[in-house]
Structure formats: C-alpha cells, structure tokens
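Novice:
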Amino acid sequence: MAQVPEDDASKEKLQLLLFQLGEQLKDPPIVIDMYDWRETVEIIMTEIQEVAPIIYEQLEDLVVGAMRLAERHVSDLDRDASPKEIEQSSMEYFEQVAFVTSEVNRIKSL
C-alpha cells in the first residue's frame, strides 16, 4: 500500500508532482522535443522519489514503460512509418498512460 507523507507540505508537493507527471504524460513527445520531454519526466520522478520513495517505486515501472513506448512512437514518427504503425504505437502509449493515470488517481485518493 502506498505511504503518503504525513506532513502537509510534503503532501502538497506530492500532489503537485503527481499532477505534473500526469500532465507531462498526457502530452506525448514529438521528434524535436523527445529529449526534453524525457528529461522532464525523469526530473518529476526524481522529486517524487525524494518526497515519497514508496510511491516512486509503485510508479517507476509504469512510467518507464510509458517512456519506452513514447520513444517507440517518436521513432515511428521519425522514420515515417506507415499510418497504421504510427496509430498502433500511439495507442499503446496512451494505454500505458491510462495505467499510470489510474495509479496516480489511486494514490491521490489515499
């Protein structure tokens, strides 16, 4: 079970970080901003780890999966893959984002 920080300042910071993570993932990267997008996700996750290590552990695999799928989708865009391949990689990315969002919402409800 997730352990939310006890003090109000940490709780507020965690809520903000979870919001930022969700917003960042809902806005998928494109070829020209992939590295900045990934760096922003990594910074948010590092800050989550500092505030709530257990919550970080719960989100880590899901977020890493989303990042991997985002990279695949950007690769498909960059190499001008067929529309079907691009649609498939986009769909897989957003399915993973839905898993992350579900977990974030569960954590927020604690």
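Last residue of the sequence shown: number 111 in our numbering, and the count goes up by one each step with no gaps. The C-beta atom is built at its ideal place from N, Cα and C for all residues, glycine as well.
How about V101 and V75: do their beta carbons lie closer than 8 Å?
Specialist: Against a cut-off of 8 Å, the Cβ pair of V75 and V101 comes out as no contact.
Novice: Thinking just about the alpha-carbon of each residue, which of I55, K109, I87 is nearest to the one in V32?
Specialist: Among I55, K109, I87, the Cα nearest to that of V32 belongs to I87.
Novice: Counting pairs of beta carbons, one from the stretch 82 to 98 and one from the stretch 34 to 44, are three or more of them closer than 8 Å?
Specialist: The stretch 82 to 98 is not in contact with the stretch 34 to 44.
Novice: Considering Cα atoms alone, identify which of M68, F20, K14, A53 is closest to S91.
Specialist: Of the listed residues, the one whose Cα sits closest to S91 is M68.
Novice: Where does S60 land, buried or exposed, given buried means 16+ other C-beta within 10 angstroms?
Specialist: Checking the sequence, you will find Leu at residue 60 rather than Ser. Counting Cβ neighbours within 10 Å, L60 comes out buried, since at least 16 surround it.
Novice: Check this for me: beta carbons of E48 and L18, under 8 Å apart or not?
Specialist: In this structure, L18 lies closer than 8 Å to E48 by Cβ.
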